[in-house]
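What follows is one structure encoded as structure tokens, with my remarks underneath.
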Amino acid sequence: MTGGRDSHGGPGGPAHPGPLLRARHLTKRFTTRAGGPLGRKSVFTAVDSVDFEVFPHETLALVGESGSGKSTTARLVAKLMKPTDGTLEFAGRDVTHARGPDLARFRNEVQVVFQDPFSSLNPRHTVARILTAPLVYQGLPVPGGRRAFAGELMERVGLDPDHMHRYPAQFSGGQAQRIGIARALAVGPKLVICDEAVSALDVSVQAQVMDLLVRLQRESGFSYLFIAHDLAVVRRISHRVAVMKQGVIVESGPSAEIFERPRDPYTRALLAAIPRIDPEWDRRRREGAGPGNTSTTPSYEELR
Amino acid sequence: SPGAEPATGGIVQVLEKPDFSHLDPARGFDGGVNNFYRLIYRTLTTRAAAGPHSSGTKIVADLATDTGRPSDNNKTWAFTLKKGLFFENGSPITSRDVKFGVERAWDPDAGIGSPYAKQVIAAPADYQGPYRSGDLDTIETPDDRTVVFHLKRSYPQFASVAAQPNFTPFPKGTGAKAAFDREPIASGPYRVASYRRGSALKLVRNKHWKRSSDPVRTARPDGFVWTFGLDAATIDERLISGQGKDINAIGPKVQPATISRLRTPQLKQRTLTGVTGCTTYMSLNTTKGPLRDVRVRQAIEYAVNKQTTVDALGGSALATAATSIEPPSIPGRDATDVYPSKDGTGDPAAARRLLARAGFAKGFTLTVDTRAAATEQAVAVAIQQGLKRVGITVKINTIDTSTFYEVIGTPSQQHDAALTGWCPDWPGGTTFLPPLFDGRTISAKGNSVLSMLDDKKIQKRIDEIAAMRDETAQNAAYGKLDAQIMKLAPIVPLNYTKNVVVVGSNIAGAHPSISYSGGIDLVGIGLADPKK
Amino acid sequence: MLRYVAGRLAWVLVILLAVCVFTYVIFFQLSPDPAVMICGKTCTQERIETIRTSLGLDRPFFQQLGDFLRGIVAGRDYGAGANLVHCPAPCLGYSFQSGQSVWEMVQQRLPVSVTVAVGAAVLWLLFGILFGLLSGVKEGTWWDRATMALALGGSSIPPYVLALALQYLLVVKLRVLPFPAAVPFAEDPAVWFQSYLMPWTVLAVGYACLYARLTRANVIDTLAENFMRTARAKGLGPVLILRRHALRPALTPIVTIFGMDFAGLLGGALITETVFGLNGVGKMASDAIAKNDQPVIMAVTLLAAFFVVVGNVVVDLLYTALDPRVRITAS
Amino acid sequence: MTDSPPHRAGSDDSAQLLAVEGLTVTFPTTRGPVDVVRDNTFALRQGETLGIVGESGSGKSMTALAVMGLLPRTARTSGSIRFQGTELLGRPDAELRRLRGNVMSMVFQDPLSSLNPYYTVGLQIAEVYRCHRGGSRRAARRMAIEALGRVGIPAPAERVDRYPHQFSGGQRQRIMIATALICEPALLIADEPTTALDVTVQSQILDLLAELKRQTGTGMLFITHDLAVIASIAQRVLVMRDGRQLEYADTERVFSAPRHPYTRMLLESIPRIDDEPAAPGLPYGPGGRTAPAPARPAPAQEDAR
Amino acid sequence: MATTTLHEAQQELPPGPPGAAPPGGTGRRVLRALLHDIGAVLSTAFLALIVLMALCAPLISALTGHGPDTFDSAAVDNDLGGLPKGSLGGISGDHWLGVEPQNGRDILARIAYGARISLLIAVSATALTTVIGVVLGLLAGFYGRWVDQAISRLMDFLMAFPALIFMIAVLSALPAGNRPLLLVIVLSAFGWPYLARVVRGQTLTLTGREFVEAARASGAGSRALIFSEILPNLRSTIIVMTTLAVPGYIGTEAGLSFLGVGVTPPTASWGQMIASSVSWYQVDPMYFVIPGTFLFGTVLALTVVGDRLRHALDAGEAS
Ligand SMILES: Nc1ncnc2c1ncn2[C@@H]1O[C@H](COP(=O)(O)OP(=O)(O)OP(=O)(O)O)[C@@H](O)[C@H]1O
Ligand SMILES: Nc1ncnc2c1ncn2[C@@H]1O[C@H](COP(=O)(O)OP(=O)(O)OP(=O)(O)O)[C@@H](O)[C@H]1O
Ligand SMILES: [Mg+2]
Ligand SMILES: [Mg+2]
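Residue numbers (our numbering), protein chains in the order written: chain A, 11 to 314; chain B, 76 to 607; chain C, 2 to 332; chain D, -14 to 290; chain E, 6 to 324.
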């Protein structure tokens, strides 16, 4: 499904060259065997002929049922997994079978934040090394030296730069997740694939990180493929949303449209299931804080 | 005591390192297996049994009634078989069986043992043994008990040749396809009951052997059991500790490290020392570099410290420094040392003088081929240290044991010098000096004249001595020739080795025999108390 | 899967063939002439030639190799006339030294080697893994330090020394064991066990030390994994946690080594067999080397190669079966 | 879920399940010991759910692990943890073992690394049951399939024999939950159990937990960042920051009248689905993307919000 | 020693400038941890002593007046098979560590000279084996497909040969030349597949791990993936295999020297000393005990240093 483009940011802008990323009929089938290597073979289609585009400066959110193939799609888009079928275009180039320098360029421009924070960090590397690794791997200079660079990145995502020489296992889940985000930002990519990148963060840190992401988008023009379950987060950050179910994109469109006028029953079910805080409590709190006086809410920085 | 008269009965255990090379007497030919052959095979003549009063070197009649009757200037030898001789299957031993046994020496497959029959007995050039070429006309069997050999040339020591293992009789036609290596046909007091190659061999009595027909073999025990494949240190350990059946056991030469353990009275009593009759020597390749100069070779003779080579072999208990090529066990030997020094420690001053005269005052480098075995390497290092005293640098070239003799026996491959030894096939100069110094026999492969000495005078003398009729005079002449050769310094005799063995406490009748490299003569051995 | 196994087995054949050719070149072409050795000390050129002819050494190299290979597959004839011998398949030739059929020799000796190897393997797996596991779990304690120092000592002692020392202690001094001998099991199980005990021990010590250290290192690594915490959170007993959750990840690399070691031993434990005078394949090999008995060397090499190569196939299969993650990446 | 009657602090009508007092967790680091949990005190009754919220890295997981007795070996713990009236701290591991997985169980935060990659998920679920309740392999397997089905894994009978890496993030998380629930524990510690789940599955899981609570009176320590979830299932809330307890009160009180400014800030930061998108005007327009992205993002100067 | 260099190699990213290095910098921290560990300090001291001894072997000879090859017939009893005179294998003021039986060579001098050969051969063979084994194992495990096929089949082929038999065959066929070098080459040629197979197996597992995938997504080339991501996770196995390889190679060298294809006599090597002392173990136990102690001490020291190093590195990452 290509989905209709909405007014804000359609390819109509003359300076705009077209989609940054275009996935066509992306399909992934897994072959599994039950009960050992000699077991019965079964084929499972995790991603089924999925089409979508991500435009420059745009955030496409991918939401959907757990196990619907979002992470698999992310892996396919990041070229970490060979698609069974379909093509992938990046900045106008077909990168489905990119190798060598083409692939290196692609890697420079596309970064990934993984869903599972600890598993995606090398247990034998210090944070400093993890954070500088993308630059080192891509043969780029580390601006300001390793320490300063890593320290700054850590600060940006709200981590204590003093912990730079710790190993992943010494961090909490949310901290590890932020290390993953910081790593993705290290090289200044064009597209960042965020697979549940903020799910393990408390709301204030989450807000800080999302602000960072948005600011980067504004300043440096990042695009995001943003996978999340928290629809409020999705609503806040995304321009367009694609809803996945059982390997298929069931609905996609501009964020506002999806949230306000969901068409697919599954989307509707999703929106309906969002847990909400008793509005009465909210009201009472606001009142307690004094009418119109929001300044009693301390900023994150103040609390530190 | 091990020298006492053994009782009848019991089983003698023999602990051994490697298995026998061949049970087929036409194929096997070394001290160990020759000793064993006498238990199951009989030959026309044989050596007397070693004993308290016998060194075990005298040739005596065995199957034959006497040690042979020569005629035609020692070129024709006739033997008559005793009466009442049988194979293990009960069939009588005839002169044709003897002839057939000897003929097998010409078979290209089987005849790899003692070379003397082929060397001495006349035969057509293309004769290839009984299996391929049939009968050999030069061995006649006029009747069942007479066999007559026609020789190529006069050979006064043919009685010794007739004692070689390949003069064992076999029923005509048997023994093809190496059958005897598996199932020998016994003519001696024992027969092979079972044989697992590499692990065990069992001998039991041969019922058809008549004690009356055999003055040499006492055959006291009821049988023998060989255990092969044991580790040298383990054998020493077993014999010393003497547990269980090991009190009835004998074994090979002990390791040098064991010598110092044999000091207790009980062990001293169980320790036997025999002379191997062999000389360890270093050959000097007279065709190479500085060694072409006889003075250089003589200098080396002086420079070597023979005493340290003795130490390397295990000290005074296992070897003595050599003074001449022939070891003391050879009749007619002349003991005078051509290059005398105190205790055989060498005379570096004399060596330096000779070297200076030859123009090698600064020394040179000498490459010595050595077998890859601990003792040989130790000897090589000892020589290295000795020659270092006069400025000669020795480079030790270690050669894998399995190929050592082939390499040094190939003149194109051997280096300046080689460390090896020689044992005579029977006591006398005949099988000692000519094989080592007759330059006419130098061959491109399998050469035994390692010194490459090609001296006409010596060759002439060898021929003269070979032509002598009287064996004693012959041996005396060889003794003189020994000194004559030594003046040319083609080899450096290093030491005469000894064989020290420990026997089980119940072993009796054990006497070392020079004929079998100082090993205990098996024909006289037995147990003191068979019931133990 | 089946295709994979078939492919690997085909490779086994290819590798064995390559080993065959290589061994043939090294031992029959580069090494000195066996005929001269057989010929003995008083030897003539023509005798050497005759021996060469009868051994077939005078023929062109490829013909010899071809004959050899054909012999393995289909059997072959040796000699001519009255001396003609038919050697049925699998024919590995006849020993230059003893004239015995090499195949028979192998058949006789293999049981001894297998007994030695299996017994030792049981011992070293048992002790190596047990001690490694305990040390890994008790990392840093005195027990760990002591065990690991012991393991180092064990791997620094040459087996030869250990063998003699054990023999001196247990057999000569304490007299609790007999001198080792290759007693068949059927003859007397008790004596069989007693006489193999020392060879097993000596052979096992070195391996046990290596395995203990490896197991320890892997166990320590595994214990640091998050899933070990899960296992504890489940309230599983320490034995079950170790046996199931720690051992399998820790032992997968050891399976690789074990396959190689064990297969290598089936080709004969050279030193142990020699020291204890056990007439196994290893002893046969060392004797053959000492005498340059090429057909025997060839056979031992092929035998050892066969076990090792097949062992490697088994290990690879086991590995994929043991570690489910490998399957997807290896395919 | 919100309709379950909130427990009042100090009411004695139901048994005290867990009482934590002055819990402090210290890690030795290269720069000296660091307290990651400081003097934490809270209690939990049967059938009650205590929600723990707080800043990332504030020691929530460490508190949970301390209760389970599963802190890393290097950690030092002090204070008191009483479970069903008995002190857990200092109890020999063998005794704790009988409790773990059986009467108290835990869902870990990082599901992939918390599952053993060498075994099928079926075995990993079943082994808890067999360890504590015994029974045949078959029966345990059936239990595992059933448990998988209950947490909403499609085709459980087929997937029971798969390995962890073959599941999606949310599925792994549900496998962890299934494992923790199989023995119907008295105390369930859930460390961000639903972060990887979409809201439909999440509500399904929350229903499941509520059901369990109703049936067996399970007490729950529920760690999450999703305040809406807390609001809907927890009777009491503990707010943590920097290892310290900032606030500990009834849910309603915390949400309607937070005492600590941090709590208030947290509540203000909750993204709301009905909010206007934060980044409405897209920054790209003509010439929007001229300068290349800097290799290093500039340090944060101000709160962008 | 081999393990030390291995670790230094793994520290691929150089630590910051010395002045600016943080107190928690890996290099410093590890060094500090090692200095605080008495075992590590003692072991390093012992290794340094051995190296010093090897380097100063001629000095030691000059000091004691005994070269490594000089015979001393007076020190052994010719009539007792060459047993050293005096107790404890002839230890005396003249011969500090006693003499060899049969020829009376000074054991101290031979130990010192032997250290040169043995350590040179064992350490370089270990280093070479480790490098080849680890690299090829990693490549095979990481790339799979034809690379794996090629490397694995080569390993199969090399491992198929009974190593000892073939070392003998190959070495005796090769020209004498530089023996220690040849030994190192041959030992390594037959030794690496053993390590490589283990490494390959573990690499197979690690390649599928998510952090490798993450590094790939960060733009890591295969080389970086293999050497910076996977290799550090193989540390434990490599350390164990490497430390145990040292005595193994010393033993093999001894065996080969004994069979005449190793170093040529009279060159001393520890292995050769141990091998020839074996038969004297009862009557002159010191002859075995002394070189044996040196070998054991060296291996122990190597392991302790390797172990402590790993520990110091791990100190940070243990959870
Ligand atoms: N092994 C360790 N050594 C030192 N500090 C550690 C160790 N493990 C965790 N920490 C620190 O302890 C603090 C608390 O961690 P914890 O995992 O409890 O946080 P959390 O509240 O669960 O956070 P999140 O919501 O991000 O999971 C963190 O700051 C973390 O860096
Ligand atoms: N290696 C694999 N082998 C077999 N099946 C797999 C494999 N990896 C994923 N799957 C299946 O593919 C489907 C999609 O997985 P994916 O990880 O993409 O889901 P997701 O949308 O990211 O879900 P979640 O939100 O729970 O993370 C799942 O049903 C999963 O079980
Ligand atoms: Mg996912
Ligand atoms: Mg946490």
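Each residue gets a CB set at the ideal place from its N, CA and C atoms; glycine is no exception.
Residue nearest to F132 (chain C) within the set C:V20, C:A147, C:G281 is C:A147 (criterion: CA-CA distance). Relative to ligand 1, even the nearest heavy atom lies 6 angstroms or more away from the CB of G265 (chain C). Between the alpha carbons of G138 (chain E) and A127 (chain E) lies a distance of about 16 angstroms. One thing to note: N360 (chain B) has its Cβ no nearer than 7 angstroms to the Cβ of M561 (chain B).
For S269 (chain B), no alpha helix (DSSP H) segment is defined; the enclosing uninterrupted segment is the beta strand (DSSP E) at 265 to 271. Ranking B:K437, B:Y191, B:S399 by CA distance to the CA of A410 (chain B) puts B:S399 first. In this structure, the straight-line span from the alpha carbon of R221 (chain E) to that of V22 (chain D) is close to 36 angstroms.
Taking a cut-off of 8 angstroms on C-beta distances, the region 76 to 87 of chain A does not touch the region 171 to 184 of chain A, as fewer than three cross pairs fall below it. Distances between the C-beta of K235 (chain C) and the heavy atoms of ligand 4 are all 6 angstroms or more. Beta-bridge partners of N574 (chain B) (DSSP): B:G349. For I237 (chain A), the enclosing beta strand (DSSP E) begins and ends at 233 to 237. Distance between A392 (chain B) and D306 (chain B), taken at the CA atoms: about 21 angstroms. Of all residues in the region 229 to 259 of chain C, the ones placed with a Cβ closer than 9 angstroms to any Cβ belonging to chain E are R230, P250, T253, P254, I255, V256, T257, I258, in chain order. In the DSSP assignment, R23 (chain D) falls within the beta strand (DSSP E) that extends over 17 to 30. Interface residue (Cβ-Cβ distance to chain E less than 7 angstroms): S129 (chain A) is classified as such.
Listed along chain E, the residues sitting closer than 8 angstroms to N219 (chain C) by beta-carbon distance are S241, T242.
L163 (chain A) is not bridged by DSSP to any residue. Burial state of G119 (chain D) is exposed, judged by a 10 Å Cβ sphere holding fewer than 16 other Cβ atoms. Cα atoms of K463 (chain B) and K437 (chain B): separation of roughly 11 angstroms, rounded to the nearest angstrom. Not one heavy atom of ligand 1 lies closer than 6 angstroms to the C-beta of P102 (chain D). In the three-state reduction of the DSSP assignment, C204 (chain A) falls in the strand class.
Residue burial annotation: Q64 (chain C) is exposed, with fewer than 16 other C-beta atoms found within 10 angstroms of its C-beta. Within the region 318 to 401 of chain B, the complete alpha helix (DSSP H) segments at least 4 residues long are 331 to 334, 340 to 345, 369 to 378, 381 to 388, listed from N- to C-terminus. Put simply, the backbone Cα of S241 (chain E) is about 16 angstroms away from that of Y199 (chain E). Counting only residues of its own chain and dropping the five nearest sequence neighbours on each side, G584 (chain B) has a CB closer than 6 angstroms to the CB of P81, G599, I600, G601. When Cβ-Cβ separations below 7 angstroms define contact, D306 (chain B) makes contact with chain C. Between V244 (chain A) and A71 (chain A), the gap from beta carbon to beta carbon is short of 7 angstroms. For V195 (chain B), same chain residues with a beta-carbon under 7 angstroms away, outside a window of 5 residues either side, are L226, K227, Y230, F233, V236 in chain order. CA-to-CA, the gap between V276 (chain C) and W181 (chain B) works out to about 39 angstroms. Judged by their CB atoms, A210 (chain A) and Q187 (chain A) are nearer to each other than the 7 angstroms cut-off. Ranked by Cα distance from I268 (chain A), the first of A:H249, A:G28, A:L223, A:E229 is A:H249.
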